[in-house]
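Notes for the one structure printed next.
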Amino acid sequence: MTTDAQPLPRTAPEDKSMDDLVALCKRRGFVYPASEIYGGLRGFWDYGPLGTQLKNNIRDWWWKCMVECPPLGPDGEPVSIVGLDSSIIQNPKTWEHSGHVGGFNDPLIDCTESKKRYRADHLLIYLIREGDLNFGVSTVAADEAQAEDIRESLEKTGDPPQGFQDKLFVKRLKQYKGGGYVTFKLGTTATPEELAITFSPEGTKQGTLTEPRTFNLMLDTYPGPIRDEENKAYLRPETAQGIFLNFKNVLDTMRVKVPFGIAQIGKSFRNEVTPRNFIFRSREFEQMEMEFFCPPDESQKWYAFWRDERYKWWLSLGVSEENLILRDHDDDELAHYSSACVDVEYKYPFTAPGFGELEGVAHRGCYDLTAHSKGGDNKDSNTKLDYFDQELQVRLQNEGVDKETIKERSRYVPHVIEPASGLTRAVLVLLCEAFTPTPDRDGSKYIMSFKPKFAPVKAGIFPLVNKDGMPEVAQKLYNELRTKHMVEYDGKQSIGKRYARMDEIGTPFCFTIDGQTLEDQTVTVRDRDTLAQERIALDQVSAWLDAKLAE
Ligand code: ATP
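Numbering-wise, my numbering puts 380 at position 131 of the sequence shown, and it's gapless, one number per residue.
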């Protein structure tokens, strides 16, 4: 018997409930609050069996696309990228010279009434003017994109964007509606006058916010027995610096020449002031970063290349195009050493209809290698991090360029293009993208419609009933498939309940052994998204599944 395909109902990001998604993640073993039995710890999460599998699938795909089979470059030549796994704790001088000790700060504001803490640059103030009177109303935006969105909507319509959930903010707006409106973000420059009229987002009175204080985002620790300033070290706030520190090691020990990249995946730690939105902003998270070293005069070409490649990579995860944008940074957003930066942004349920960051592709110039290089401002490093370009030297010689110029141009500090993304944020993107409420379907109320390649469990294998020789055939098929893929055997409960569970954990295919199997050696395969059922030969199942997972 075959059953026709039904389209998977589509849900706009703004209609997806984060509460329902978080509950499903807990119920089905994707993500749990860390140390839950002790009341949890803010900003920390544990990945359950299915979350870990999903995360590993994304991680492995990134590694494959970056290190094992990188794409062809802009000139059609194979791109060369090598892997690295550097230590989380490095010599603390690393962070002084990278600029993190002095500059990796967030402006922090406390509310003396609610005892809550906010990032000042996320606090959006809506100031209503009536005659000489000012009434401040505030809210905390999830990020820059949401702040921008709220501000735009307020300025156009006087109301926050559709689906905006801060009820207190909306109530206060209504209370004061009628005057002229001004919106602004507090930021580090909040004046005492502004603070005096501002409502704390969760407080009841005006003027309970303290002046912003800068707050370093690095978590520190003290390796060794003595806990004093001299022995202070840091948990890395990004994986990138470990790559810069090893630039010379890799160059001297591997057969690489500029242009080439070094890629790394690993944990990073930031003492975020306001960890929020589930695993979007946590204090411990994983990053996937690649530093691509190239000759300075080729850097724009490589920047354009990685900008496009990275967008395509996110699409390859099954993220739909309408939920993914590239946002070029304005000049005033760029770090002083950076000539260009673009964010890949996703329409999360909590930013929709706006977008939030998931990866930044930055042109970092020669900033990092110079900062860690012996000489100049750096009296701590014992190594010069530059590059002698032998090919360029030969080319210039052939062009008849004079010796002095050749010497000058052949040795340089490579420029760096950095695609830096969050692995745990990628998990969130795939969870949000896959999460599909299906209230009108029988059985499961939600489907996690992961692209099959990334689904934690690839297939369920079921005997229709636990008798008549069906379990034996199903077990045999399971034993065959489990040597290659993450699959599950399930013989308990009704078939409908088994399908429903597989839908909720995002298993794309279910193979069911029934009475007909025993007669004609075929099984039904059910598609999670379309519910279509078709029969395929039992001895073809393994090849059929391989082909589907390769798509
Ligand atoms: P934000 O402005 O959101 O704090 P950022 O611009 O400082 O982030 P980067 O330093 O560029 O972020 O880090 C690269 C990537 O690492 C980000 O695009 C994001 O995917 C991820 N990331 C950064 N901070 C966190 C965090 N606290 N929790 C989870 N992922 C994070």
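All C-beta atoms in this analysis are idealised placements derived from N, C-alpha and C, irrespective of residue type, glycine included. None of the values given here were measured: they were computed from a predicted structure.
Take residue i and list the residues in its own chain whose beta-carbon comes closer than 6 Å to its own, dropping the five residues that flank it on each side.
i      : result
PRO262 : LYS596, PRO598, ALA601
THR388 : LEU373, ASP415, PHE418, PRO450
PHE384 : ILE377, TYR425
THR619 : VAL662
LEU270 : PHE684
TYR616 : TYR586
HIS371 : VAL389, ALA390
LEU444 : LEU458
GLN455 : ILE446, PHE448
GLU737 : VAL706, GLY709
Identify the continuous alpha helix (DSSP H) that holds residue i and give its terminal residues.
i      : result
GLY745 : 744-754
THR766 : 764-769
MET267 : 267-276
GLN789 : Note, GLN789: premise wrong, no alpha helix (DSSP H); not H, not E.
PRO712 : Segment 708-712 is the beta strand (DSSP E) holding PRO712; no alpha helix (DSSP H) there.
ALA553 : 548-565
TYR616 : 616-621
LEU730 : 719-730
LYS304 : 298-312
ILE399 : 393-406
ASP638 : Unbroken run through ASP638: none, as it is neither H nor E.
I'd like to check one pair, residue j with residue i: are the Cβ atoms closer than 8 Å?
i      : j      : result
PRO258 : THR685 : yes
PHE527 : SER329 : no
ILE754 : THR771 : no
LEU484 : LEU468 : yes
TRP294 : VAL316 : no
LEU794 : ILE744 : no
MET735 : ARG777 : no
GLN395 : GLY609 : no
CYS314 : TRP562 : yes
ASP638 : PRO544 : yes
HIS346 : ASP629 : yes
PRO472 : ASN480 : yes
ALA512 : TYR552 : no
GLY605 : PHE699 : no
When burial is assigned at 16 or more other CB atoms within 10 Å of the CB, is residue i buried or exposed?
i      : result
SER449 : buried
MET539 : buried
THR440 : exposed
HIS585 : exposed
ARG775 : buried
ILE696 : buried
ASN306 : buried
PRO688 : exposed
LEU500 : buried
LYS420 : exposed
GLY491 : buried
VAL665 : buried
ARG504 : exposed
CYS681 : buried
ILE762 : buried
ARG476 : exposed
ALA272 : exposed
SER565 : exposed
SER659 : buried
THR756 : buried
PRO701 : buried
ALA799 : exposed
Going by DSSP, what residue range makes up the beta strand (DSSP E) through residue i?
i      : result
GLN782 : 782-786
LEU417 : Segment 416-425 is the alpha helix (DSSP H) holding LEU417; no beta strand (DSSP E) there.
LEU372 : 372-379
MET537 : 533-543
ALA445 : Where ALA445 is concerned, there is no enclosing beta strand (DSSP E), although the alpha helix (DSSP H) it sits in stretches over 441-446.
THR685 : 684-686
ALA669 : 664-671
SER387 : 382-389
ILE514 : 509-518
ALA704 : ALA704 -> no beta strand (DSSP E), and no H or E assigned at all.
Below 8 Å CB to CB, which residues in the same chain sit around residue i once its five sequence neighbours on both sides are set aside?
i      : result
LYS746 : GLY692
SER791 : GLU729, LEU730, LYS733
LEU357 : ARG366, TYR367, ARG368, ALA369, PRO461, ARG462, THR463, PHE464, VAL522
By Cβ distance, which residues of its chain are closer than 7 Å to residue i, with the 5 residues on each side in sequence left out?
i      : result
LEU607 : VAL593, GLU594, TYR595, SER670, GLY671, ARG674, ALA675, VAL678
SER402 : ASP408, PRO409, PRO410
ARG277 : LEU299, GLU753, ILE754
GLY322 : VAL328, PHE554
ASP253 : ALA781
ARG530 : GLU521, PRO524
Mind checking whether the beta-carbon of residue i lies closer than 7 Å to any heavy atom of the ligand NAD?
i      : result
LEU333 : The ligand NAD is not part of the structure shown, which contains the ligand ATP as its ligands.
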